[in-house]
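**Student:**
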Amino acid sequence: MNGQLHCEYAVADFDATVVETCDARLIRVTGHGLAPSSGWRLELVAANPGVVPHPESLWLEVRETPPAEPRPRVLSEVPVEAIIEDLQAREIVVRFRWREGFRLPLRERVPSFR
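Numbering-wise, the sequence shown is residues 13 to 126 according to the working numbering.
1. Quick one: give me the first and last residue of the beta strand (DSSP E) that R37 is part of.
2. Could you give the DSSP three-state label for V106: helix, strand or coil?
3. Using only alpha-carbon positions, find the residue among A47, A28, T77 that is nearest to L38.
4. Spatial neighbours of N60 within its chain, please: C-beta separation below 6 Å, excluding the five flanking residues on both sides.
5. Out of G51, T42, D98, which has the shortest C-alpha to C-alpha gap to P67?
6. Can we say the region 34-52 touches the region 85-103, given the rule of at least three CB pairs closer than 8 Å?
7. I need the boundaries of the beta strand (DSSP E) containing D25, first residue and last residue.
8. Leaving aside the five residues before and after P91 along the sequence, list all residues of the same chain whose C-beta is less than 6 Å from its C-beta, in chain order.
9. Going by C-alpha distance, which of R121, E120, L116 is nearest A22?
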């Protein structure tokens, strides 16, 4: 971890849901990290390098932006979300630059019948 602070993450704090419309297949990935102080921002960015050898896996990397100024250490939950259009993915691979990542199976959204 080279002395730099990072947020804490758990696979249980993430979810990946497929939303099918008449002209698109969208994947909504939501989650949160536990930041060491307030003021952190999180982003999920595409991490599939070049030619994708496994199109059934959609790779995302968590990017953290700490606050510009030091803040008191108070654990803060920081949300993150991404919406991706993809026809082939069956799982999401969440990667980090400083620790082991994890895999999320895709859940199909159940339509509500109200």
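Beta carbons are placed, not taken as given, at the ideal position from N, Cα and C, and that holds for glycine.
Owing to the predicted nature of the structure, the values given are computational and were not obtained by experimental measurement.
**Tutor:** Answer, in terms of the structure:
1. 37-47
2. strand
3. A28
4. W71
5. D98
6. yes
7. Note, D25: premise wrong, no beta strand (DSSP E); not H, not E.
8. H44
9. L116
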